[in-house]
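*Asks:* Handing you a structure now.
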Amino acid sequence: MKIKFRRFPATGILILLLLITFRSIAQKSPGLRKRTTDQYNKTTGKTFVSNTSTQNNPGPTAAVMDTSKVFALEDLQLLVFRYHPVVKQAALLSESARANVLQSLGYFDPALKAGFGRKLFGHTEYYNHWNSELKIPLWLAGADLKVGYDRNVGTYNNPETRTPHSGLSAVGLSIPLGQGLIIDSRRNTLRQSKIMVQYAEAEQLKQINSTWYAVVKDYWGWYYAHRQYALVTEGVELAERRFRALSRQTTIGDKPVIDSVEAYITVQERIIQKEKAKIELQNARLVLSNHLWSAEGNPLELPADAAPQEIAENISKPQQTVLDTLIGQASGQHPELLKLRSKGAQLAVERSYRQEMLKPKLNVSGSLISGRTNFGAYSPDYYDFNWSNYKVGVEFAFPLFLRAERGKLKEVKIKQRELDYDLQQTGREIRNNILASYNDLSAYSAQLDVQLKSISNQQILLKGETQKFDLGESTLFLINSRESKLIDMKIKRESMISSYQKTLAELYYKAGTRQDATLY
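Counting along the sequence shown from 1, when you hit position 364 you're at 363 in numbering that gives the first Met the number 0, and nothing is skipped either side.
Spelled out as structure tokens, the structure:
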């Protein structure tokens, strides 16, 4: 049995009050009034950023998007890799490592040293010393080439170091025949510093990939918030349109007053939902703005009227060949594996050095000496450079127990074993992480396909319910329920698309690389 409401003057008054209240709320809601276009700067391509805050404007709500205001992921990639502070900071890692290489090369720099001393007392010159030497370190055999000039004269000079009045010139070599012949401390330091360049480049790649992965996640978070706001706003507009239609029908007596009240409650509920979505959109825009910087290093903000790029609803998971390629690429070029291999190469050099330290020290030095002070000066043959005029020296040292050397070598070997285990475990974790992300993509792809079919069926259901309502065979409550369910399903669809894109970025990140934004 249906209850019919009779027309009476109070009905018109009630409808009039509802319309006045609705108009007041609509004027206060930024989603129900005309928006003004924000000022923005075009930094490159379709990238729109501004230094002025525009958070009061939640963004476009029309079904047709203005492509001139689309902020694509490709535009974001261009900005991030040019101006992001973390990307710039990562570039300093390799520069710092090369600076260490330059510092290590300093051990092979030629060194010139000289010393002078003189004592004069009571008109007597006790001594007059001048010693100078040019030392040139050589890479081969750890030898040092030495060129020197000494002049030690005076009344009370040491006979061992006394020279002719014109002084003596010398050319010689110092060679380690035992410890230090194969590798010494300076060659060890230089080799390890060169390996550290590879380590720094791997760390640089890791930081850049990590930054881009965070940027992509924030971008798709903004995409979801933007689409959610658009769908909720569309729901508000549908509820408003239905309320106005029912109000007119109620006024002429075609529909009961209770239907207009119920329609108005639906408008209020969706306005509340819209305000919540608006805040989420503003916060998502702020999070994405964290990655926007100008060429001068000034922070930029994403304008409120910027919109994310459109994504096709029918998304399929990457092909098996893509997975195989990523796994193969990760096994050889993943930053974590590159870092571990660099450590392994470093430990190999250190082990070679520590094995060299087990040898006894046996340093031999020799110099040919001459009374010639310059190339044009005359010097008798017996005072010139020949095998009869020389200085030679031998230095030997050997610790009897080699405890320090053996302990250090053992420590290096243990580190190598630890590194092998770490490399083995890390490689397995990387492979499984890639497979897990790929499985997530497969699940999202299947879920999205089902969700699209569910949305299509829900639209058919809503259309049929609306036709029944027009014939008086259904209620407004059922229509609102069907419509709200459809909006929720569309929002869930956008959430799945966003999660799929985030997982796709995660797949490449787990593989130690990143997907080019131009491929989206």
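Note that beta-carbon positions come from the ideal geometry of N, C-alpha and C, so glycine has one too.
Return the CA-CA distance between Thr474 and His83, expressed in angstroms with no decimal places.
*Replies:* Cα to Cα, the separation comes out at about 56 angstroms.
*Asks:* Starting from Asp421, trace the alpha helix (DSSP H) both ways and give me its first and last residue.
*Replies:* It spans 402 to 469 - the alpha helix (DSSP H) in which Asp421 sits, taken as one unbroken run.
*Asks:* From which residue to which residue does the alpha helix (DSSP H) around Pro84 run?
*Replies:* Pro84 -> alpha helix (DSSP H) spans 84 to 104.
*Asks:* Out of Ser453, Glu472, Ser366, which one is the CA nearest neighbour of Gln147?
*Replies:* Looking at the sequence provided, one finds Gly at residue 147 rather than Gln. Comparing Cα-Cα distances from Gly147 to each of Ser453, Glu472, Ser366, the minimum goes to Ser366.
*Asks:* Report all residues from its chain with a CB closer than 6 angstroms to the CB of Glu335; omit the five preceding and five following residues, and keep chain order.
*Replies:* Cβ within range, chain order: Thr425.
*Asks:* Alpha carbon to alpha carbon, how far is Ala89 from Glu202? Give it in angstroms, no decimals.
*Replies:* Spanning the two alpha carbons is a distance of roughly 8 angstroms.
*Asks:* Counting beta carbon pairs with one atom in the segment 205 to 223 and one in the segment 397 to 410, are three or more of them shorter than 8 angstroms?
*Replies:* Too few Cβ pairs lie closer than 8 angstroms, so no.
*Asks:* Do Leu418 and Gly331 have their C-beta atoms within less than 8 angstroms of each other?
*Replies:* No, Cβ-Cβ distance for Leu418 and Gly331 is not below 8 angstroms.
*Asks:* Would you check if the distance between the CB atom of Glu239 and the CB atom of Val266 is smaller than 8 angstroms?
*Replies:* Yes, the pair counts as a contact, with Cβ atoms nearer than the cut-off.
*Asks:* Buried or exposed: Gln450, going by 16 or more other Cβ atoms within 10 Å of its Cβ?
*Replies:* Buried, by the Cβ-count rule.
*Asks:* Which same chain residues end up closer than 6 angstroms to His333 when comparing Cβ atoms and leaving out the 5 residues on each side of it in sequence?
*Replies:* Around His333: Ile429, Gly511.
*Asks:* Look at the alpha carbon of Val348 and the alpha carbon of Pro109, and state the distance between them as a whole number of angstroms.
*Replies:* If you take the alpha carbons of Val348 and Pro109, they lie about 25 angstroms apart.
*Asks:* State the Cα-Cα distance for the pair Arg186 and Glu355, rounded to the nearest angstrom.
*Replies:* Taking the straight line from one Cα to the other gives about 12 angstroms.
*Asks:* Which same chain residues, not among the five before or five after Ser315, have their C-beta less than 8 angstroms away from its C-beta?
*Replies:* The answer, listed in chain order, is Ser444.
*Asks:* Let me know if Ser288 comes out buried or exposed under the rule of 16 or more other beta-carbons within 10 Å of its beta-carbon.
*Replies:* It counts as buried.
*Asks:* Is it buried or exposed for Arg284, if we count other Cβ within 10 angstroms and need 16 for buried?
*Replies:* With 16 or more other Cβ atoms within 10 Å, it is buried.
*Asks:* Around the C-beta of Thr502, are 16 or more other C-beta atoms found within 10 angstroms, so that it is buried, or is it exposed?
*Replies:* Buried, by the Cβ-count rule.
*Asks:* Measuring CA to CA, which of Pro136, Leu92, Lys509, Ser387 is closest to Leu322?
*Replies:* Checking every option, the nearest Cα to that of Leu322 belongs to Lys509.
*Asks:* Let me confirm a value: Asp536 is counted as buried when at least 16 other C-beta atoms fall within 10 Å, else exposed. Which label applies?
*Replies:* No statement about residue 536 is possible, as the shown extent of the chain runs from 0 to 519 and does not include it.
*Asks:* Could you spell out where the beta strand (DSSP E) holding Gly220 opens and where it closes?
*Replies:* Counting along the chain, Gly220 falls outside any beta strand (DSSP E), though it belongs to the alpha helix (DSSP H) covering 184 to 251.
*Asks:* In terms of alpha-carbon separation, which member of Gly392, Val231, Asp217 lies closest to Gln500?
*Replies:* The candidate whose alpha carbon is nearest that of Gln500 is Asp217.
*Asks:* Taking the beta carbon of Pro163 as the centre, do at least 16 other beta carbons fall within 10 Å, making it buried, or is it exposed?
*Replies:* Exposed: under 16 other Cβ atoms inside 10 Å.
*Asks:* What residue from Thr232, Ile194, Glu482 has the CA that sits closest to Lys275's CA?
*Replies:* When only C-alpha atoms are compared, the closest one is Thr232.
*Asks:* Please list, in chain order, all residues of the same chain as Asn157 whose beta carbon is under 7 angstroms from its beta carbon, the five residues on each side excluded.
*Replies:* There are no such residues.
*Asks:* Alpha helix (DSSP H) containing Phe476: first to last residue?
*Replies:* It spans 475 to 509 - the alpha helix (DSSP H) in which Phe476 sits, taken as one unbroken run.
*Asks:* For the beta strand (DSSP E) holding Ile368, just list the boundary residues, first then last.
*Replies:* Ile368 -> beta strand (DSSP E) spans 360 to 369.
*Asks:* Could you spell out the range, first to last residue, of the alpha helix (DSSP H) harbouring Lys275?
*Replies:* Lys275 -> alpha helix (DSSP H) spans 256 to 288.
*Asks:* Would Asp469 be called buried (16 or more neighbouring beta carbons within 10 Å of its own) or exposed?
*Replies:* Its Cβ having fewer than 16 others within 10 Å, Asp469 is exposed.
*Asks:* Cα separation between Ala504 and Val79?
*Replies:* About 16 angstroms.
*Asks:* Nearest-angstrom Cα distance between Arg492 and Ile310?
*Replies:* Between Arg492 and Ile310, the C-alpha separation is close to 12 angstroms.
*Asks:* What number of angstroms, rounded off, separates the C-alpha of Ala199 from the C-alpha of Arg226?
*Replies:* The alpha-carbon atoms of Ala199 and Arg226 are separated by roughly 41 angstroms.
*Asks:* Between Asp149 and Asn385, what straight-line distance do the alpha-carbon atoms span, to the nearest angstrom?
*Replies:* Distance between the alpha carbons of Asp149 and Asn385 is about 18 angstroms.
*Asks:* By Cβ distance, which residues of its chain are closer than 7 angstroms to Thr123, with the 5 residues on each side in sequence left out?
*Replies:* Contacts found: Thr154.
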